[in-house]
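Engineer:
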Amino acid sequence: CLSSVLLPVLSRKNTPSILDVDFFHLLVGLVLSMPSLYQEEGIDLQPSAVSSAFNNMYIFHLVTMAHILQVLLTSSGNFPAAGDGEESEEARSAADLYTAVSQHTGRLVPDLSGGSVAQRIKAGIEPFLRCAALFFNCLTGVHPPEELLNVEALCGYLALPLNIFQLFQDYRDVVSPLLQRYPRIRNRLIELPEDYSSLLNKASHFQCPKSTIDERKHPTLCLVCGAMLCSQSSCCLSQLDGEDVGACTAHAAVCGAGVGMFLRIRECEIVLMASRTRGSTYPAPYLDDYGETDPHLGRGNPLHLCSERYRKLNQLWQQHCILEEIARSLEVVNVMFAFEWQLV
Ligand SMILES: [Zn+2]
Ligand SMILES: [Zn+2]
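Residue numbers (the numbering used here): 7 to 350.
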């Protein structure tokens, strides 16, 4: 059951990625909340000191392995190739781990130097081990026998194997089935129809969820999740941190942590949003037969999806460049007055 804390639940949306987790924070949380599992309707079933210690060790080992993976996944490539010299046991097991993980992330570099992988990972996890040592020192009152000058001393104090990659062999049965689930499918913007008229058709059937007054609405499509929103309309204003915001701003806060990409269907334009005060518009990725965009559908020619333009928008979003793009567009368009983006 602990592994479910460490790993994204694929059936549930918005679970954090392994790269987003602060593992020391998680370690403290898990260790301190463990006793509550033994509490049942007011009856105290606390485990013996020995089993508590084993529980803590098990948690610590799992969290440490997750953190090692985190370090490995973020030290992107460029490890030197294997030299000719004899490699140590530790270097070999580090290389094994690297190979196993690479098979699931598609970054397999053959014959790399296990020694350099081991070194980089040990340097990467040292701050975490130091925090953990302090934490367990406070928790158990057991003082380290020697000054914890290096990773080896820390491992000794924390009851980790001296060859830290040994953990993945010790827990092979637990860890290997989990590794199979990676990589997760890369996030993409939603699919858009080839023919713009089908979007216009969808917009004409759009009903505001909050008001039945038949005024002209601004149906706006979230390109991240496909939700249709009622934008720039007083009926769908909501409160965000005590401020009135429009449907898109409110939606972006939950759908993309404030960052959003929307298609205003009747205006045929993309709205990029990076925060409540920053946004910009962009032509929709649809072109007429002359290869022109049609902002605000002024010309009214049939429009077809331009996959190249949509691919670029996808890239902008995947590479977290929306804020940059907005900043750039603000330099081009000399803005005379601040547009109230939060009301979109
Ligand atoms: Zn959305
Ligand atoms: Zn509305």
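Yeah, the Cβ is synthetic: ideal placement off N, Cα and C, and Gly gets one too.
(1) For residue 278, which of helix, strand or coil comes out of DSSP?
(2) What are the boundary residues of the beta strand (DSSP E) that includes residue 236?
(3) Helix, strand or coil, according to DSSP, for residue 302 in the structure here?
(4) On the criterion of 16 or more Cβ atoms from any shown chain inside 10 Å, does residue 300 qualify as buried, or is it exposed?
(5) Per DSSP, which one or two residues make a beta bridge with residue 251?
(6) When DSSP builds the beta bridges, which residues end up paired with residue 316?
(7) Looking at C-alpha atoms only, which residue of 40, 47 and 65 is the closest neighbour of residue 53?
(8) So which of 253, 318 and 123 has the shortest CA-CA distance to residue 240?
(9) Just to confirm, is the Cβ distance from residue 276 to residue 229 under 9 Å?
(10) For residue 305, which option in 314, 295 and 311 has the closest C-alpha, if you only look at C-alpha atoms?
(11) Could you name the residues of the same chain whose beta carbon sits closer than 8 Å to that of residue 250, not counting the 5 residues immediately before and after it, in chain order?
(12) Do you know whose CA, among 24, 97 and 257, lies nearest residue 282's CA?
(13) What would DSSP say about residue 228, mapped onto helix, strand or coil?
(14) Any contact of the segment 313-333 with the segment 193-201, i.e. 3+ C-beta pairs under 8 Å?
(15) Any heavy atom of ligand 1 closer than 8 Å to the beta-carbon of residue 277?
(16) Got a sec, what are the start and stop residues for the alpha helix (DSSP H) residue 80 sits in?
Structural biologist: Put simply:
(1) Locating residue 278 in the sequence shown gives position 272, counting from the first residue. Strand.
(2) The residue given as residue 236 occupies position 230 in the sequence shown. Here the beta strand (DSSP E) through residue 236 covers 234-237.
(3) Against the sequence shown, residue 302 aligns to sequence position 296. Residue 302 falls in the helix class under three-state DSSP.
(4) Against the sequence shown, residue 300 aligns to sequence position 294. Per the 10 Å Cβ criterion, buried.
(5) By one-based count along the sequence shown, residue 251 stands at place 245. Paired residues: 244.
(6) Residue 316 sits at position 310 when you count from the first residue of the sequence shown. Bridge partners of residue 316: none, in fact.
(7) Stepping through the sequence shown from its first residue, residue 53 is reached at position 47. The residue with the shortest Cα to Cα distance from residue 53 is 40.
(8) Position 234 of the sequence shown, counting from 1, holds the residue named residue 240. The closest CA to that of residue 240, considering only 253, 318 and 123, is found on 253.
(9) As a working note, residue 276 is residue 270 in the sequence shown. As a working note, residue 229 is residue 223 in the sequence shown. In this structure, residue 229 lies closer than 9 Å to residue 276 by Cβ.
(10) Taking the first residue of the sequence shown as position 1, residue 305 is located at position 299. Among 314, 295 and 311, the Cα nearest to that of residue 305 belongs to 295.
(11) Here the question's residue 250 lines up with position 244 in the sequence shown. A distance below 8 Å between beta-carbons, with the five flanking residues on each side excluded, links residue 250 to the following residues of its chain, in chain order: 243, 244, 348 and 349.
(12) By one-based count along the sequence shown, residue 282 stands at place 276. When C-alpha distances from residue 282 are compared across 24, 97 and 257, the shortest belongs to 257.
(13) For the purposes of this step, residue 228 is taken as the residue at position 222 of the sequence shown. Residue 228 falls in the strand class under three-state DSSP.
(14) Yes, they touch.
(15) The count along the sequence shown starts at 1 and reaches residue 277 at position 271. Residue 277: no, Cβ never under 8 Å from ligand 1.
(16) One-based indexing of the sequence shown puts residue 80 at position 74. Element bounds for residue 80: 55-80.
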